[in-house]
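Asker: My questions all concern the structure below.
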Amino acid sequence: MAIEGTPALSSTGDALVFSSRDGPHEVDLWLTKKSGSTWGAATLLTGGSTYAYNNMPSFTFDDARVLFDCGTEPYPESGGNDACEVKLSDMSVKVVVTPSRLPNARQSWVQFPHDSLDGVLFESSWPIGAESPETVWQLPASSAPTPIAKSFSNAVSPCGLRDGRFGVLWLTRPGNAAGAHELTLVARDGTLLGALTPGVDVQDIGIGCSD
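Start counting the sequence shown at 10; every next residue gets the next number (my numbering).
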């Protein structure tokens, strides 16, 4: 079985979710669990998905669900990409958020969903004049999505910490003329705390946070 993309490890370290082309869809998510020093056989997680591409997994804080990209195209920016989740208890899949829930018709995709204390963080674009730079949105449990990081555009790949802060890759910090993807820490309310890797271009393939 060939692994694709970035896998996700549970907070307890005994469950791993990864994507592979060995399932019924173009790309599917699989789960393997560790017992002692041995990892068990992989179990298909996204057999019930209606999407061709299911990848970029991330565990929720309670390790009960896995958030992931679910789309009709291999690359989210091509459009047709939503954010989904699968419950590990029964492998039921549901859509968490789609571009149609965002307050502008130019939003054609969402990606990189991650858990946070206040809802699901994800990446999409944000209209500023004639441009739609990428930024980080948050979907609370009982209200509409909000562009929580709109004050610093071109922020991508969010990941949440258990104290409410979250990390992003930020391209447009003043002084970052090269547009490097700097790992940046953001406060719970969406205000900037500071760049952790100034001048360092972190590869934008999805990041994970742990505390």
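Ideal placement from N, C-alpha and C gives every residue a C-beta, glycine not left out.
Quantities reported herein were computed from a predicted structural model and do not represent experimental measurements.
Throw me the rounded Cβ distance for the residue 73 and residue 96 pair, which I believe falls under 8 Å.
Answerer: That pair is a contact at about 7 Å.
Asker: Mind checking whether residue 145 and residue 130 have CB atoms under 8 Å apart?
Answerer: yes
Asker: Exposed or buried, residue 99, counting other C-beta atoms within 10 Å across all chains shown (16 or more means buried)?
Answerer: exposed
Asker: Taking the alpha carbon of residue 118 as the point to measure from, which residue in 45, 104, 133, 206 has its own alpha carbon closest?
Answerer: Considering only alpha carbons, the answer is 133.
Asker: At which residues does the beta strand (DSSP E) containing residue 74 begin and terminate?
Answerer: 74–80
Asker: Whole angstroms are fine: how far does the CA of residue 190 sit from the CA of residue 212?
Answerer: 7 Å
Asker: What does a CB cutoff of less than 8 Å around residue 178 pick up in its chain, not counting 5 residues either side in sequence?
Answerer: 164, 165, 166, 190, 191, 192, 193, 211, 213, 216
Asker: How far does the beta strand (DSSP E) with residue 168 in it reach, from first residue to last?
Answerer: 164–169
Asker: Taking just the CA atoms, how far does residue 91 sit from residue 143?
Answerer: Residue 143 and residue 91 have their alpha carbons spaced roughly 15 Å apart.
Asker: I'd like the span of the beta strand (DSSP E) that includes residue 90, first residue to last.
Answerer: Counting along the chain, the beta strand (DSSP E) containing residue 90 begins and ends at 90–96.
Asker: Are three or more beta carbon pairs between the region 62–72 and the region 43–53 nearer than 8 Å?
Answerer: no
Asker: Which word fits residue 22, buried or exposed, when buried means at least 16 other C-beta atoms lie within 10 angstroms of its C-beta?
Answerer: By the neighbour-count criterion, in which 16 or more other beta carbons inside 10 Å mark a residue as buried, residue 22 falls on the exposed side.
Asker: In terms of alpha-carbon separation, which member of 71, 70, 38 lies closest to residue 56?
Answerer: Among 71, 70, 38, the Cα nearest to that of residue 56 belongs to 38.
Asker: Could you give the DSSP three-state label for residue 16: helix, strand or coil?
Answerer: Reduced to three states, the DSSP call for residue 16 is strand.
Asker: Would you kindly work out how many angstroms separate the C-alpha atoms of residue 188 and residue 121, rounded to a whole number?
Answerer: 20 Å
Asker: For a test of the three-state rule: what should DSSP assign to residue 134, helix, strand or coil?
Answerer: strand
Asker: Quick one: is residue 94 buried, meaning 16 or more other Cβ sit within 10 Å of its Cβ, or exposed?
Answerer: buried
Asker: For residue 209, which residues of its own chain have a beta-carbon under 8 Å away from its beta-carbon, when the five flanking residues on both sides are left out?
Answerer: 189, 191, 192
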